[in-house]
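So the sequence shown is numbered by the UniProt record's numbering: it starts at 1 and just counts up by one. The next block holds one structure in the form of structure tokens; read it before the comments.
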Amino acid sequence: MNYIHACLLKKRNMLVVKSLTILLLSCIAFKLACCSISSLKSLPLVGHLEFEDVHPASKDFGNRSQLLPLAILHPKSVSDIASVIRHIWMMGPHSQLTVAARGRGHSLQGQAQTSHGIVIHMESLQPQKLQVHSVGSSNPFVDVSGGELWINILHETLKYGLAPKSWTDYLHLTVGGTLSNAGISGQAFRHGPQISNVHQLEVVTGKGEILNCSERENSDLFHGVLGGLGQFGIITKARIALETAPTMVKWMRVLYLDFAAFAKDQERLISSDDKFDYVEGFVIINRTGLLDNWRLSFTPEDPTKASQFKSDGRNLYCLEVAKYFKLDEDKKNVMNQEVKESLSELSYISSTLFSSEKNAKPNGQGKEIHVMNHVNLMFKNRDTL
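So this is what it looks like as structure tokens:
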């Protein structure tokens, strides 16, 4: 009986010790959280930290995870971001605070979220004026904030007859967000993704340092941050390469039943220097998929007409291409003839050609509508057939 009693007493003591340990750790965590809030509130910021209404930063476009942050930083200057990150860095390894930069929240797996950490609302940096450098320059560029939207950059640069070389399919995204990933769209086969068209960056590092970087200056940081998913620093400014904007764009979609023909035509187009300036493709599983993925810039009748094509239950493959022209309206026939010749080399279903023409607005106020409801997939040619 003494042995049994001793065992029970030992187990009871262990439970007491565990309970006290958990209580102690909880108290420490609570104390650290209180200290964190208190110390953060004392920081001299131009912007402000929001500790109450933090729910908007707890979800993203993917809607797969919900992490509630401790606070949201609304920076009004780059020094605000640097101050907060430097403060957390100086708190040392005992601090559990983490930081996540958030643009428009279009991440899919919670990359722009942080549990009980600080979410930086990058759009708060947006109001500064865009600086387009074009006069007397053979290599024009624009200096922008990391929280600036690509749609705003388009509108501003078009006023100078210029535009960035490479885009994403959806333009209501921040510069820092897409450059932290890659920035891929139909122009990437010609100019590379957006991260290949950046001259210089301003970055806040994990220690709270504000550094400029480029191919020649802090090059390791430059290449690490571009496409680095925010793990090497936060992009606060970027110098984006520009080119002369087209005056007219001919935009087309064609459908295929045979994947081999579809892939072969895509490869033919991206290997050519002068066929098209934009090439993308996607798979259409059913009629609903076709209607949902149809660009709104085409006429309203086009998606309905395309959806009536009889595929006998088979998948359809859509090739989307665009040709850019820098010419006067009276040379429109030349443009159409060039496009016709390029299309004649393709093996699409002849009855499924849909097209749209767009003129660039000189004041940059053109209506741009882009739909983002797809995933970009890349694969080697030998893996496709």
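Ideal placement from N, C-alpha and C gives every residue a C-beta, glycine not left out. Model, not experiment: these values are computed from the prediction.
Proximity to aspartate 258 [Cα-Cα], best of Gln231, Leu346, Met91 and Trp150: Leu346
Aspartate 60 in three-state terms, based on DSSP: coil
Beta-carbon contacts of proline 56 that lie in its chain and below 8 angstroms, excluding the five residues immediately before and after: Ile72
Cα-Cα separation between leucine 68 and valine 254, rounded to whole angstroms: Straight-line Cα distance between these residues: approximately 45 angstroms.
Beta-carbon gap between glycine 227 and glutamine 111 smaller than 9 angstroms: Going by C-beta atoms, glycine 227 is not nearer than 9 angstroms to glutamine 111.
Leucine 316 beta carbon less than 9 angstroms from that of tyrosine 278: no
Close Cβ partners of valine 54 (< 7 angstroms) along its chain, the five nearest in sequence each way excluded: Leu68, Pro69, Ala71 and Ile72
CA-to-CA distance, valine 198 to serine 219, given in whole angstroms: When rounded, the distance between both Cα atoms is 12 angstroms.
Proximity below 9 angstroms, CB of phenylalanine 141 to CB of isoleucine 240: yes
Classification of asparagine 363 by the beta-carbon crowding that lies within 10 angstroms, buried from 16 upward: Low local confidence applies: a pLDDT of 45 at asparagine 363 is under 50, so the model's placement there is unreliable, with the coordinate-based value given in what follows. So asparagine 363 ends up on the exposed side.
Contact under 9 angstroms by Cβ, phenylalanine 325 with valine 249: yes
Option nearest lysine 76 by Cα separation, candidates Val46, Phe276, Glu357 and Ser214: Val46
Length-filtered (3 minimum) beta strand (DSSP E) runs lying within the segment 33-111: 48-50, 71-74 and 99-102
Cβ-based burial, serine 271 [other Cβ within 10 Å; buried from 16]: exposed
Same chain, Cβ closer than 7 angstroms to leucine 385, neighbours up to 5 away in sequence not counted: Since pLDDT at leucine 385 reaches only 47, below the 50 mark, its modelled position is unreliable, and the value read off the structure follows with that caveat. Cβ within range, chain order: Ala260 and Ala263.
Residue burial classification, aspartate 274 (beta-carbon count within 10 angstroms, cutoff 16): exposed
Rounded separation between glutamine 96 and glycine 117 - CA only: 8 angstroms
Lysine 41, buried or exposed, once every other Cβ within 10 Å from all chains shown has been counted against 16: exposed
Length at least 4, wholly inside the segment 137-219: the alpha helix (DSSP H) runs in chain order: 150-158, 175-179 and 188-191
Which of helix, strand or coil DSSP assigns to residue 386: Any question about residue 386 goes unanswered here, given that the chain covers just 1 to 385.
For valine 321 and methionine 335, the rounded distance between their alpha carbons: Taking the straight line from one Cα to the other gives about 14 angstroms.
C-alpha distance - glycine 208 paired with isoleucine 195, whole-angstrom precision: Between the C-alpha atoms of glycine 208 and isoleucine 195 there is a straight-line separation of about 23 angstroms.
Own chain residues within Cβ distance below 7 angstroms of proline 246, not counting five before or after: Tyr324, Phe325, Lys326 and Ala360
Closest residue to glycine 105 among Ser180, Val203 and Trp89 (Cα-Cα distance): Ser180
Distance, glutamate 123 Cα to glycine 186 Cα: 26 angstroms
Heavy atom of the ligand NAP within 8 angstroms of methionine 248 beta-carbon: Inclusion of the ligand NAP in the displayed structure is not the case, the ligand content being empty and no account of it being possible.
Residues that DSSP places opposite valine 279 in a beta bridge: Val321
Buried or exposed (CB count within 10 angstroms, at least 16 for buried), phenylalanine 51: exposed
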